[in-house]
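Visitor: Position in the sequence shown counted from 1, then plus 585, gives you the working numbering.
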Amino acid sequence: MNALRDTMLGLAIAMGGWECAAQEATIPFGQIERNAQLYARLTVQDDDMISSLSSSSLTPEAIPVKPSIAGFVRVPPATALRTLNSKFFLLNGLHLGLALSDVVMTQHCIAAHTCREGNPLMPSSLAGQVSVDLALISYGSYISYRLKRYKSNLWWISPAIGIAAHSAGLATGVAHQ
586 MNALRDTMLG LAIAMGGWEC AAQEATIPFG QIERNAQLYA RLTVQDDDMI
636 SSLSSSSLTP EAIPVKPSIA GFVRVPPATA LRTLNSKFFL LNGLHLGLAL
686 SDVVMTQHCI AAHTCREGNP LMPSSLAGQV SVDLALISYG SYISYRLKRY
736 KSNLWWISPA IGIAAHSAGL ATGVAHQ
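1) Taking the C-alpha atoms as reference points, what is the distance between glutamine 714 and aspartate 591?
2) Quick one: what does DSSP say tyrosine 730 is sitting in, helix, strand or coil?
3) Cβ of leucine 683 within 8 Å of Cβ of isoleucine 748?
4) Residue range of the alpha helix (DSSP H) that cysteine 700 falls in?
5) Could you tell me the distance, in whole angstroms, from the CA atom of asparagine 738 to the CA atom of alanine 697?
6) If we count the other Cβ atoms within 10 Å of its Cβ and call it buried at 16 or more, is lysine 733 buried or exposed?
7) Between the Cα of serine 726 and those of Val717, Trp741, Ala712, spot the shortest distance and give me the residue it belongs to.
8) Going by C-alpha distance, which of Glu702, Ala588, Cys694, Asp687 is nearest leucine 719?
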């Protein structure tokens, strides 16, 4: 997204329609801080453009200014909700740890001939079980991340289901050991 923004800004500056105070700066755009206030000025060539800009619908709280000196300001969001926080890592990490423990316990139990894999769709080899579990955990973590990113209160359900399923598999493996 930054590359697209930088490209569009560069094209606008090159076309001469925007004048930017950052043009004289020696700092590359990549080194500007996220909360930096960037200002740009729109220059209009003819009077028809000025009348169309000044007659545009403005919100009631907006203060009309001359279009030739209007400043465009990039304002950072007021609150930034962190998606990847300790709760997210705790639940998804617990899901991963229990899944790998379940696989190890199942392989130990299969080698001792005291039990077999309860899921008929799961392969019986170690590599097969680990690969299927990692694929399911990755997908569940992705779904959990997307739900949490868009502020859904149900983001925890995917890792909770995995934790419950692998806890039952681990308990069964311990019981048959």
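Ideal Cβ placement from N, Cα and C applies to all residues, glycine included.
Guide: In short, the structure shows the following:
1) 45 Å
2) In the structure shown, tyrosine 730 sits in a helix (DSSP, three-state: H, G or I).
3) yes
4) Premise fails: cysteine 700 is in no alpha helix (DSSP H) and is neither H nor E.
5) 43 Å
6) Buried, because 16 or more other Cβ atoms sit within 10 Å of the Cβ of lysine 733.
7) Trp741
8) Nearest to leucine 719 by alpha-carbon distance, out of Glu702, Ala588, Cys694, Asp687, is Asp687.
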